[in-house]
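Here the sequence shown is numbered in the numbering used here, starting from 97 and rising by one per residue.
Before any comments, here is the structure.
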Amino acid sequence: VKTGNAMADAILNSKISLARSKEIPVHVDARIPVKLRMSELDLCVILGNLFDNAIAASLPLPPEKRMIRIYMDMKGTQLYISFTNFTAEKKRDKIGKRFLSTKGDGHGFGLLRIDSIIERLDGYLSRNSEDGAFTTEILIPQV
97 VKTGNAMADA ILNSKISLAR SKEIPVHVDA RIPVKLRMSE LDLCVILGNL
147 FDNAIAASLP LPPEKRMIRI YMDMKGTQLY ISFTNFTAEK KRDKIGKRFL
197 STKGDGHGFG LLRIDSIIER LDGYLSRNSE DGAFTTEILI PQV
């Protein structure tokens, strides 16, 4: 994957290799045509956690039903990031604004880190759980 951002390329290509080694097909359409205002560390935390969660949620499915889809591009002056993965779970309930981790106690900190980054950058975050799929959408201002 070549997005136009070296750090995004590094993390995405590393995680794509990991997913494929676990028989999870990954479909990526990602472009970052501008220099981002956000730090590379913040970008890595977001992409790494979203990808790790998508891989973990895909593993209980039989290999032929696994899939992760990633879309990234600029929407006006904002970076848009969308992750969708198939999951073996039914629609999940939220507690307040958050979904609880399915990994049990002591987990779920990746989502909290993402939430705090998005809040600090005045971004927008939406998570949606449906039977068999989970989607996260993020908008982060870059001007």
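Backbone N, C-alpha and C define an ideal beta-carbon position, used for all residues, glycine too.
Under the Cβ criterion (8 Å, minimum of three pairs), the stretch 99 to 106 counts as touching the stretch 116 to 127.
Spanning the alpha carbons of residue 112 and residue 144 requires a straight line of approximately 11 Å.
From the listed residues 166, 120, 176, the smallest Cα separation to residue 151 is found for 120.
Residue state for residue 184 is assigned as coil, using DSSP reduced to three classes. Among the bridge pairs identified by DSSP, residue 224 is matched with 231. In the displayed model, residue 141 falls within a helix according to three-state DSSP. Only exposed fits residue 227, as fewer than 16 other CB atoms lie within 10 angstroms of its CB. The stretch 165 to 173 and the stretch 216 to 224 do not touch, with fewer than three beta-carbon pairs separated by less than 8 Å.
Excluding the 5 residues flanking it on each side, residue 239 has same chain C-beta neighbours closer than 6 Å at 173, in chain order. Following the DSSP letters along the chain, one finds residue 170 inside the beta strand (DSSP E) bounded by residues 164 to 171.
The three-state reading of DSSP puts residue 159 in helix, counting H, G and I together. Here the alpha carbon of residue 232 sits roughly 6 Å from the alpha carbon of residue 222. Leaving aside the five residues that flank residue 138 on each side, the residues in its chain whose CB is nearer than 6 Å to its CB run, in chain order, 213.
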